[in-house]
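Below is one structure; the comments refer to it alone.
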Amino acid sequence: MRLGEYKKWAPVVLMLAGMMVTSCGEDDNGPNAGDNFDQKGFLEHVGSSLIVPAYQELEQKSGILRDKISSFIASPESSTLEEAKTALFEARIAWQYCSPYQFGPAEESGLVSNLNIFPADRSKIERNIENGSYNLGTLANNDAKGFAALEYLLYGKDVTSGEVIQGFADQPQRATYLQNVAELIIATAAEVYTAWSPDGGNYLGEFTSDGALGADAGSSLGKLVNALNLSFERNTRDAKIGIPAGIRSLGITIPEATEAYYAGYSLELALANVDAYKKLFLGQTREGVKGLGFDDYLKARKAATTSGSELPLDEAINAQFDAVLGFIDQIENPLDEQIRTDNSRVQQVFAQMQQLAVLLKTDMASALGVVISYQDNDGD
Amino acid sequence: MRLHERFRVLLLLGSFGLLSGCGNDDDAEAQIAEVPTAYTFERNGLSTVDYSGQTDRLNMVAEIKAYISKGDKGEAVEASVLNDMFANTNSPFLSAELNASSKKLEDKTFVSEVQNIKELFEATEVASSDVAANGTVAGEGVAGRLQRGTTDSYILVNELGWEFTQFVEKGLMGSTFYNQIFNAYLTDAKVGDGVDNEALVDGKNYTAMEHHWDEAFGYFGVPVDFPAGEPVLEASERRFWGHYTNNMDALLGTNALLMNAYLKGRTAIVNKDYVTRDQQREIIYAGHELVTAAVTVHYINQAIGNFNDGDIGNAFHHLSEAYQFVKAIQYSPKKKLTQAQINDILTSNLGEGGDFWKATVAGLNEARNTLVTTYQELEPVKDQL
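So the sequences go chain by chain: A and B. Numbers in the numbering used here are just positions in the first sequence, counted from 1, shifted up by 586. Numbers in the numbering used here are just positions in the second sequence, counted from 1, shifted up by 1.
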């Protein structure tokens with residue numbers, strides 16, 4: 587959030603504080619009085635049935651990834667390489683379901699920076715391997731680690747898998763680098779899962795505690811709504827679609843900036859990612875079991891869209907999720923090729939995502955009384 | 002509140018009664034001043050407040066910032082111009098008033114920092130000329146420009162990732178403005194009991210002690226009616242310490258904390274109530290320090306977010322801010338953070354050897370924890386900052 591924003595939302599904070607005081611007597615759920623929505627139940631469901639399982643899955647898949655990479659290094663051949671590639675894909679899908687939850691432990695551990703900065707910087711990776719001395723924790727190496735780096739190393743650029751395997755056989759420090767990157771992924775994923783887990787740091791307990799109810803900036807709802815919006819705008823709309831499609835570079839496309847440029851499955855990742863947001867919105871588990879979601883919250887508040895749509899807000903958002911998924915379905919892997927041949931359809935995906943971003947950031951946040959406290963970086 | 006004030010005034014009146022009872026103060030002004038709502042103090046119907054020299058220096062830093070930030074836009078910046086601005090020689094400013102001013106920044110800057118600032122000027126010239134000629138992009142060990150996110154805004158950095166504009170502007174906020182408040186105007190040498198608070202300074206309408214207090218207030222740089230009004234600060238007033246104090250206000254109540262202390266302390270000087278003056282001095286030291294620590298945590302939070310966005314331009318911008326804010330704390334002789342802790346943050350937590358390219362999320366969290374642990378007020382709001 588820009589410093590200058592504070593003043594802007596000071597009155598809102600005061601107003602919310604005022605609401606909290608007046609509503610205490612009538613509603614144990616904090617400042618969002620005026621409806622009978624069970625905010626605590628919502629947070630408990632989202633926390634224990636969506637967030638914690640998502641991080642658990644990420645830890646598990648990252649562990650398998652590390653193991654498969656070790657097996658590949660131990661016996662570099664095409665079967666072990668394929669298994670490592672499969673494990674990488676599965677860990678990346680697991681990541682997509684964690685992506686909306688980049689607050690608290692995930693932010694403190696720098697989860698995104700260790701797992702999913704893309705595109706990877708090929709020459710930096712090769713330089714690190716060549717030098718043999720590097721600290722993967724540094725900002726300078728943000729784009730030389732994570733899934734994108736593993737992908738580059740396992741798939742290579744314009745080479746056959748035989749050549750990839752030979753590369754590891756010829757260059758022991760290349761194998762070490764691959765393993766170090768995989769180790770950092772599992773270490774960070776485990777750290778975040780442990781921090782959330784009731785058996786570990788129990789951030790889940792904090793997330794669902796009475797003190798974290800309400801809608802102000804420090805509340806769990808405030809953090810969740812801010813985090814999902816920030817991540818959707820930057821890591822989904824912009825990073826996966828907008829930047830490669832040239833939206834942020836005066837129309838000059840950057841096909842190499844797609845998420846899975848070497849492996850060619852960027853769209854599967856994008857679909858899983860949007861599905862993660864949709865499931866969070868509906869309060870659905872990965873298996874599709876429905877519990878309290880944002881849709882129920884908006885229904886309870888009888889929220890309408892600001893655009894004057896006839897649909898109530900919860901239905902409008904749900905429909906827009908389907909529109910985004912539908913437009914992604916109409917483009918083809920590999921995404922970089924699609925951008926080169928018919929970028930207009932990729933730009934349409936961006937436009938649909940943009941509409942969804944407005945509904946989530948403007949309509950939903952204000953219907954829930956949440957102040958969006960981050961801002962687009964524009965020069966303080 | 003009002004009753005309380007009146008009660009205090011009565012007490013003061015009582016103590017004055019005692020003093021005059023001793024017969025040692027023939028020409029003491031008998032009436033007791035009430036704390037005003039705005040920073041206006043008068044004697045015989047005329048203002049006793051003058052901090053134009055401080056305002057000049059704030060304006061000089063504003064011009065330096067405007068000039069050096071041309072480097073962020075890709076233009077070449079000249080060290081000689083910056084040196085002239087620092088020393089106010091050769092009429093370097095756009096403002097004729099500043100060129101005519103007898104004031105300069107250089108002689109009020111913390112002595113050991115003067116050389117560092119001049120070196121930054123030289124490095125700015127080298128890096129900005131290189132960018133202007135070759136469009137150099139910064140990298141590890143390479144000075145140049147970095148884009149902030151996907152915006153069309155850029156920063157010019159040195160080989161360690163330090164943004165020149167922030168290092169100079171925020172650096173001077175610490176090494177000049179804070180230095181003057183902390184190590185000059187609020188010290189015993191300037192407002193302590195040994196300082197003349199009886200006779201008016203030759204040709205002026207203020208005592209030496211009053212004037213020194215006002216000069217400290219001048220470096221705070223807020224409008225006299227701060228924080229009244231909506232907006233609290235006009236666009237032209239959103240700069241330096243007043244701006245950052247106001248930015249922290251929603252979470253920490255820093256506006257009233259500092260403004261009331263400046264007002265009460267100045268009133269106490271008029272009333273020769275030195276116990277109150279000294280209490281307010283302590284509040285001012287602690288209040289400025291709290292604002293500075295809070296702003297540092299804010300920028301560290303921003304930088305952690307930028308890490309996760311893979312956004313090096315914004316990360317370095319925010320780290321440059323954080324670096325200079327936390328460094329500003331070192332100028333307070335009453336600081337809660339130790340010099341060793343500050344050094345640790347500067348040379349280790351924000352990147353080994355102060356090299357931002359070597360910064361890690363773990364290091365940033367460590368710096369944040371040090372600050373939040375030292376300033377307990379920040380604990381409940383650390384995620385919102």
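Glycine included, each C-beta is placed from N, C-alpha and C at the ideal position.
To the nearest whole angstrom, what separates the beta carbons of residue i and residue j, a pair I think is in contact under 8 Å?
i: A/K647; j: A/A692; result: That belief does not hold up - the Cβ atoms of A/K647 and A/A692 are roughly 16 Å apart, past 8 Å.
i: A/V638; j: A/W782; result: 5 Å
i: B/S333; j: B/E290; result: 6 Å
i: A/R834; j: B/T339; result: So it is not a contact: roughly 44 Å between Cβ atoms.
i: A/T844; j: A/L921; result: 5 Å
i: B/H244; j: B/L234; result: 6 Å
i: B/A373; j: B/E380; result: At residue 373 of chain B the sequence reads Val, which differs from the Ala that was named. Yes, they are in contact, since the Cβ atoms of B/V373 and B/E380 sit about 5 Å apart, within 8 Å.
i: B/G314; j: B/R149; result: 4 Å
i: A/Y738; j: A/A761; result: That belief does not hold up - the Cβ atoms of A/Y738 and A/A761 are roughly 14 Å apart, past 8 Å.
i: A/V745; j: A/L667; result: Not quite, the Cβ-Cβ distance comes to about 12 Å (not below 8 Å), so this is no contact.
i: A/A905; j: A/L897; result: 7 Å
i: A/N700; j: A/L770; result: 5 Å
Please work out which residues of its chain come closer than 6 Å, Cβ to Cβ, to residue i, disregarding the five sequence neighbours upstream and downstream, and give them in chain order.
i: B/Q181; result: K109 and Y220
i: B/D226; result: A39
i: A/Q759; result: I715 and G718
i: B/R44; result: N206
i: A/A902; result: T891 and S895
i: A/Q938; result: A909, V910 and F913
Alpha carbons only, please: which of the options is nearest the one belonging to residue i?
i: A/E630; options: A/L911, A/E918 and A/L810; result: A/L810
i: A/E716; options: A/N919, A/K626 and A/D756; result: A/D756
i: A/A726; options: B/W358, B/G195, B/A368 and B/P93; result: B/W358
i: B/Y275; options: B/E114, B/W214 and B/V143; result: B/W214
i: B/D197; options: B/A236, B/V223, B/K273 and B/F122; result: B/K273
i: B/D312; options: A/D824, A/R652 and A/Q870; result: A/D824
i: A/G804; options: A/F754, A/S893, A/Y960 and A/S747; result: A/Y960
i: A/W681; options: A/D707, A/G800 and A/L636; result: A/L636
i: B/I94; options: B/E283, B/W242 and B/M61; result: Residue identity differs from the one stated: residue 94 of chain B is Phe in this sequence, not Ile. Checking every option, the nearest Cα to that of B/F94 belongs to B/M61.
i: B/S96; options: B/G364, B/E107, B/T56 and B/E120; result: B/T56
i: B/A134; options: B/A200, B/T188, B/A185 and B/E76; result: B/E76
i: A/A734; options: A/R713, A/T666, A/G748 and A/I703; result: A/I703
i: B/A128; options: B/E160, B/N117 and B/E216; result: B/E160
i: B/Q281; options: B/A294, B/M260, B/V298 and B/V296; result: B/M260
i: A/P830; options: A/Y847, A/N766 and A/I659; result: A/Y847
i: A/A730; options: A/E712, A/L667, A/Q940 and A/T871; result: A/E712
i: A/K654; options: A/A902, A/L740, A/G723 and A/S795; result: A/L740
i: A/A849; options: A/G787, A/S747 and A/V957; result: A/S747
i: B/T361; options: B/I301, B/V382 and B/Q331; result: B/I301
i: B/I305; options: A/G723, A/S656 and A/S657; result: A/G723
i: A/L736; options: A/G787, A/D785, A/L651 and A/F867; result: A/L651
i: A/F936; options: A/I958, A/F867 and A/G832; result: A/G832
i: B/P232; options: B/F241, B/W242 and B/N248; result: B/N248
i: A/I659; options: A/Q938, A/N788 and A/Q765; result: A/Q765
Whose C-beta lies closer than 8 Å to the C-beta of residue i among residues of the same chain, with five residues either side of it excluded?
i: A/E777; result: P691 and S695
i: B/T125; result: I69, G72, V78, A80, L83, L157, F165 and V169
i: A/G627; result: L878
i: A/M601; result: Because A/M601 carries a pLDDT of 44, less than 50, the predicted location of this residue cannot be relied on, and the following value inherits that uncertainty. Contacts found: none.
i: A/G899; result: It is Leu, not Gly, that sits at residue 899 of chain A in the sequence shown. Answer for A/L899: L884, A889, A890, T891, L945, D949, M950 and A953, listed in chain order.
i: A/D882; result: F623, F628, G869 and D900
i: A/Q919; result: Checking the sequence shown, residue 919 of chain A turns out to be Asn, not Gln. Cβ within range, chain order: G850, Y851, S852, L853 and E854.
i: B/L47; result: N206
Which same chain residues, not among the five before or five after residue i, have their C-beta less than 7 Å away from its C-beta?
i: A/S817; result: S685, P686 and Q688
Could you check whether the Cβ of residue i sits closer than 6 Å to any heavy atom belonging to the ligand SAM?
i: B/M61; result: Summarising the ligand content, the structure contains no ligands, and the ligand SAM is consequently not present.
If you scan the stretch 871–929 of chain A from start to end, which runs of the alpha helix (DSSP H) of 4 or more residues do you find wholly inside it? 880–886, 899–915 and 921–927
Sequence ranges, beta strand (DSSP E) only - wholly within the stretch 153–203 of chain B, length at least 3: 155–158
Taking contact to mean at least 3 C-beta pairs separated by less than 8 Å, is the stretch 325–334 of chain B in contact with the stretch 343–351 of chain B? yes
Are the stretch 910–918 of chain A and the stretch 853–865 of chain A touching, with three or more C-beta to C-beta distances below 8 Å? yes
Runs of 3 residues minimum, wholly inside the stretch 61–94 of chain B: which ones carry the beta strand (DSSP E) assignment? none
Could you tell me whether the stretch 825–842 of chain A touches the stretch 921–937 of chain A, using the rule of 3 or more Cβ pairs below 8 Å? yes
Taking 8 Å as the cut-off, does the stretch 950–957 of chain A touch the stretch 880–887 of chain A (at least 3 CB pairs, one atom from each stretch)? yes
Uninterrupted alpha helix (DSSP H) stretches inside the stretch 652–725 of chain A (no shorter than 4 residues): 664–682, 691–694, 697–701 and 708–717
Is it a yes or a no for the stretch 201–218 of chain B touching the stretch 39–51 of chain B, going by three-plus beta-carbon pairs under 8 Å? yes
Unbroken stretches of the alpha helix (DSSP H), 4 residues or longer, contained in the stretch 845–870 of chain A: 852–868
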